[in-house]
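Asker: This structure is in structure tokens; I'll ask about it shortly.
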Amino acid sequence: MSNAPIGIFDSGVGGLTVAREVRAQLPHESIVYIGDTEHTPYGPRPIAEIRKFSLEILDQLVDEGVKMLVIACNSASAAVLRDARERYSVPVIEVIAPAVRAAVSATRSGRVGVIGTHATISSRAYNDAFAAAVNVQLFSQACPAFVEHVEAGDTTSQELIAIAREYLAPLQREEIDTLVLGCTHYPLLQGVLGYVMGGDVRLVSSDVETAKDVYRTLLTRGLLHDGTTNATYEYRATGENTAAFVTLASRILGGEVSRVEHHPTGVIDLAGHTLKENS
Ligand code: DGL
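In terms of my numbering, the sequence shown opens at residue 546 and continues consecutively.
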């Protein structure tokens, strides 16, 4: 079991920011990644629908024999985490608690902002996760347009800067000193977010911290890869249009990701494109 792959899942490309960190910190671990591009964005959808799509994909990953699940999506974590931990015998890692931990240690003033999708912000999952941090005052803001820009490959345009100014103005008025990027797509917007918020505001994302959780959990459960075989990486997009996914995956993972294969449909009705890295 310890040499089985880790299953990582997101609504699209955002979770690749987490996969990238897992690869960097844990070079022996193999990864099967599924981006549910057929249903992206999750953020505007009702929680029950996000829950259904998420469980279908997580079931598929478990059926394929992964040794751990990483829900690399805040919206899905908010919708499904408790169910997932009861449903599966493999460990389930998510992205909200790691981001909160990083923010609590980053803030000096205790005035923290969180941005995310409608689903994440309205679930109040971050309010719950920060509840134990009595010195933190949390200010939340949904930023629904961001994910579509990222999925379309736009992380720099003037239009995006204008949207960011509008979303972030209320958080600037609250004089936050730390901003939690409560969506795994947002690390790709750090240029724009840093530009609009200014240099004094720390941007905190969950990718590095989540990968630390993956390591800690594999270690304590005796599930670390024994290093005897090379890691393999498989990235799948459920939607028909894989071109944008390929381009963005290459950007995020920092290499040439170019071969796209059809993958037979599994237990669920995934369009099931498999995208493998050139080695
Ligand atoms: N990247 C995801 C998240 O962290 C989902 C974004 C979306 O599909 O709306 O929330």
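The C-beta atom is built at its ideal place from N, Cα and C for all residues, glycine as well.
Computed from a predicted model, the values in this text were never measured in an experiment.
1) Counting along the chain, where does the beta strand (DSSP E) carrying GLY658 start and finish?
2) Which residue wins for smallest C-alpha separation from THR765, given the options ALA697, MET613 and VAL645?
3) Look up PHE790 in the DSSP assignment and give the residues it is bridged to.
4) Quick check: does the Cβ of TYR587 come within less than 7 Å of any heavy atom belonging to the ligand DGL?
5) Is it the case that the CB of LEU688 approaches a heavy atom of the ligand DGL more closely than 7 Å?
6) Return the bridge partner residues of PHE554 from the DSSP annotation.
7) List the endpoints of the continuous beta strand (DSSP E) containing THR773.
8) Do the CB positions of VAL649 and SER685 come within less than 8 Å of each other?
9) Indicate the three-state DSSP secondary structure (helix, strand or coil) for VAL746 in the structure shown.
10) Rounded to whole angstroms, what is the Cα-Cα separation between VAL725 and VAL746?
11) What are the uninterrupted segments assigned as beta strand (DSSP E) that are 3 or more residues long and contained completely in the segment 704 to 735, given in chain order?
12) Could you check whether the Cβ of ASN786 sits closer than 7 Å to any heavy atom belonging to the ligand DGL?
13) Whose C-alpha, out of TYR671, ALA677, THR700 and PHE675, is nearest the C-alpha of ALA687?
14) Give the DSSP-derived three-state secondary structure of VAL637 in the structure shown.
15) Which residue comes first and which comes last in the beta strand (DSSP E) that contains LEU683?
16) In three-state DSSP terms, what is GLY609?
17) Please confirm whether GLY580 and VAL558 have their CB atoms less than 8 Å apart.
18) If we count Cβ pairs, one from each stretch, closer than 8 Å, do we get three or more for the segment 747 to 767 versus the segment 597 to 604?
19) Identify the continuous alpha helix (DSSP H) that holds ARG669 and give its terminal residues.
Answerer: On the basis of the coordinates in this document:
1) Its beta strand (DSSP E) spans residues 656 to 661.
2) For the options ALA697, MET613 and VAL645, the alpha carbon positioned closest to that of THR765 is the one of MET613.
3) In the DSSP output, where bridge partners are listed per residue, PHE790 has none listed.
4) At a cut-off of 7 Å, the beta-carbon of TYR587 counts as near the ligand DGL: some heavy atom of the ligand is closer than that.
5) Looking at the sequence provided, one finds Cys at residue 688 rather than Leu. For CYS688, the Cβ stays outside the 7 Å cut-off from all heavy atoms of the ligand DGL.
6) Its beta-bridge partners are ILE579 and ILE616.
7) Here THR773 belongs to no beta strand (DSSP E), and DSSP marks it neither H nor E.
8) No; because the gap between Cβ atoms is not below 8 Å, this pair is not in contact.
9) Here VAL746 sits in coil by DSSP.
10) Roughly 10 Å between the two C-alpha positions.
11) Counting whole runs of 3 or more residues, the segment 704 to 735 contains the beta strand (DSSP E) stretches 723 to 726.
12) No, Cβ of ASN786 sits at least 7 Å from all heavy atoms of the ligand DGL.
13) Among TYR671, ALA677, THR700 and PHE675, the Cα nearest to that of ALA687 is on TYR671.
14) Strand, per DSSP.
15) Residue range 682 to 687 is occupied by the beta strand (DSSP E) that includes LEU683.
16) The sequence shown places Glu at residue 609, not Gly. Here GLU609 sits in coil by DSSP.
17) In this structure, GLY580 lies near VAL558, with their beta-carbon atoms less than 8 Å apart.
18) Not touching, per the Cβ criterion.
19) Going by DSSP, ARG669 is part of no alpha helix (DSSP H) at all; its letter is neither H nor E.
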